[in-house]
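Counting along the sequence shown from 1, when you hit position 300 you're at 726 in my numbering, and nothing is skipped either side. Even for Gly, the Cβ is constructed at its ideal location relative to N, Cα and C. In this text, all values refer to a predicted model and were calculated from it rather than measured experimentally. First up is the structure itself, then whatever we jot down about it.
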Amino acid sequence: REEKGWSAKIRDRIVEEMLFDNDDDIDESIISDDDSDTDSQKLSHDENVSPTAASPTVSSLFASDNNDEYDGPFGVAGSEPVYHQNDLFLGGGNGGVFSDYSEDNIASAPFEGTLGPLLKDAVTERAIQRKPRVIAIGDVHGCIDELQSLLRKCDYSPGDLVVFLGDLVSKGPDSVSVIQMAREIGAIGVRGNHDFEVIRWHQAMKSGVDAPVFGSEHFHIASCLSNADMKWMYSLPWYISSKELGALFVHAGFVSGIRLAKQNPRLMMNMRSILPDGTVTSKFFNNWPWARLWDGPQTVLFGHDADRGLQQYEHAIGLDTGCVYGGRLTACILPEKRLVSVSANREYFKYRRKHYD
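What follows is the structure in structure tokens.
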């Protein structure tokens, strides 16, 4: 009842101080006798003024009988303001809070509405000047700490494209984090034999196959990956070809003399050696690496063969340097073919490979 006795001027003043000055307490001294006398004198005059002719006040905006007509910033509780269909900035610029970039007002908008394209052009030009690179990385095998260190050493920045050469998972400490990071940075990759096993287990789980009696690491990884991460793994192809870079990316290797479309997927994930009689095998024969026979013209970047470590041929580069076995994690930066590597923090998996002559 006391508030209703206040004049519109007093109510406006109190509301403004509460809204804009964030005062917790209203100084009752603002309701002076002089104001009360003056307002009482004006009361009869205010009653004679037409509501349509009077200028809107703060109190009138909050009055219940005017809520339906209020179209201020963001509306008020219980109101449903209607905005122009071409206006993306709430009611004709929202009383000056936002600029009006609608088609009808584009000529009056800041920068004539071209700031967005200008910013995009600036970002594009900066990326071109920086010359984004392709960073091919050998077998990670769940070594997330070493992967992060390697990217820092490569001076990785958004815009660079990371290409994983397969076997991102298994044997190492945190396969799930490696896949998550690869997906989040927009990396691509090729399918390795361990990645393939995780995908196989995921398909088996969807078909209702029971969990293995003896623990399977690939089953565990497939169970822990999110749907988004699993979808990223499914997207991994057998190989990637880049005409612009003159490069091929594959996990294990290719058989020379056979067209890419005719290459055997299982061999592309598992091969290590080609014997003098033409036999292709996943076993390590010291004197018969498959890459010695690859005659280009495209350069193949591959992993999988930790036995031989870093391999450099005229048209092939092997980047599996055994990080998970306590070796190094290696990358090749294209197009300059610059090699970068970091040491493993420790040996995560005991190395046990049979060697053949």
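- Message: Could you compute how far the alpha carbon of L760 sits from the alpha carbon of V635?
- Response: Within the sequence shown, the letter at position 334 stands for residue 760. Within the sequence shown, the letter at position 209 stands for residue 635. Using only the alpha carbons, I get a separation of about 43 Å.
- Excluding five sequence neighbours on each side, which residues of the same chain lie with their C-beta closer than 6 Å to the C-beta of L693? Against the sequence shown, residue 693 aligns to sequence position 267. Excluding sequence neighbours, L693 sits near V706.
- Just mark L686 as buried or exposed, buried being the case when its beta carbon has 16 or more other beta carbons within 10 Å. Taking the sequence shown and counting its residues from 1, the one referred to as residue 686 is at position 260. By the neighbour-count rule (16 or more Cβ atoms within 10 Å), L686 is not buried but exposed.
- Item | Same chain, Cβ closer than 6 Å to S769, neighbours up to 5 away in sequence not counted | Reading the sequence shown from its first residue, position 343 is the one you call residue 769. R754, listed in sequence order.
- Message: Checking 9 Å against the spacing of the C-beta atoms, do G592 and H628 come in under that value?
- Response: One-based indexing of the sequence shown puts residue 592 at position 166. One-based indexing of the sequence shown puts residue 628 at position 202. No; because the gap between Cβ atoms is not below 9 Å, this pair is not in contact.
- Query: Measuring CA to CA, which of D721, Q574, S661 and F645 is closest to E623?
  - Reply: Walking along the sequence shown from the start, residue 623 turns up at place 197. Answer by Cα proximity: F645.
- Taking only the alpha-carbon atoms, compute the straight-line gap between A815 and L587 and give it to the nearest angstrom. In this structure the chain extends from 427 to 783, so residue 815 is not present and cannot be described.
- Message: For A637, count the other beta carbons within 10 Å of its own beta carbon; 16 or more makes it buried, fewer makes it exposed. Which is it?
- Response: As a working note, residue 637 is residue 211 in the sequence shown. That one is exposed.
- Message: Assuming P605 and A757 are in contact, meaning their beta carbons sit under 8 Å apart, how far apart are those beta carbons, in whole angstroms?
- Response: Along the sequence shown, one-based indexing puts residue 605 at 179. Along the sequence shown, one-based indexing puts residue 757 at 331. First, the residue type needs correcting, since residue 605 is Ile and not Pro in the sequence shown. Incorrect: roughly 18 Å between the Cβ atoms, too far for contact.
- Message: Please give me, in chain order, every unbroken run of the alpha helix (DSSP H) with length at least 4 that falls completely inside the stretch 577 to 655.
- Response: 601 to 610, 619 to 632 and 643 to 650
- Same chain only: Cβ atoms within 6 Å of H730, ignoring 5 sequence neighbours per side: On the sequence shown, residue 730 is found 304 positions in, with the first residue counted as 1. Taken in chain order, the residues that qualify are H677, A678 and D746.
- Query: In this structure, what does DSSP give as the bridge partners for V768?
  - Reply: Position 342 of the sequence shown, counting from 1, holds the residue named residue 768. Its beta-bridge partners are L755.
- Query: Just curious, the alpha helix (DSSP H) that L693 is in, first and last residue?
  - Reply: One-based indexing of the sequence shown puts residue 693 at position 267. Its alpha helix (DSSP H) spans residues P691 to N696.
- Query: Are R734 and G744 touching if we call contact CB-CB under 9 Å?
  - Reply: As a first step, residue 734 is located in the sequence shown; it is residue number 308 there, counting from the start. As a first step, residue 744 is located in the sequence shown; it is residue number 318 there, counting from the start. Their beta carbons are under 9 Å apart, which means R734 touches G744 by this criterion.
- Item | Endpoints, beta strand (DSSP E) assigned at G679 | Mapped onto the sequence shown, residue 679 falls at position 253. No beta strand (DSSP E) contains G679, which DSSP labels as neither H nor E.
- Message: Looking at the strands, I want to know which residues DSSP matches up with L674.
- Response: Numbered from its first residue, the sequence shown carries residue 674 at position 248. Looking at the DSSP assignment, L674 forms a beta bridge with S667 and V726.
- Message: One question on the structure: do V589 and V616 come within less than 9 Å of each other, judged by their Cβ atoms?
- Response: Numbered from its first residue, the sequence shown carries residue 589 at position 163. Numbered from its first residue, the sequence shown carries residue 616 at position 190. Contact flag set, yes.
- Message: Please classify E442 as buried or exposed, where buried requires at least 16 other C-beta atoms within 10 Å of its C-beta.
- Response: Translated into the one-based positions of the sequence shown, residue 442 becomes position 16. Classification of E442: exposed, given that the 10 Å Cβ count is below 16.
- Query: How long is the line joining the alpha carbons of H567 and Q574, rounded to whole angstroms?
  - Reply: Translated into the one-based positions of the sequence shown, residue 567 becomes position 141. Translated into the one-based positions of the sequence shown, residue 574 becomes position 148. Computed Cα separation, rounded: 13 Å.
- Message: Using 8 Å for Cβ pairs, my map puts P369 next to W664. What's the rounded Cβ distance?
- Response: Residue 369 is absent from the structure shown; the chain starts at 427 and stops at 783.
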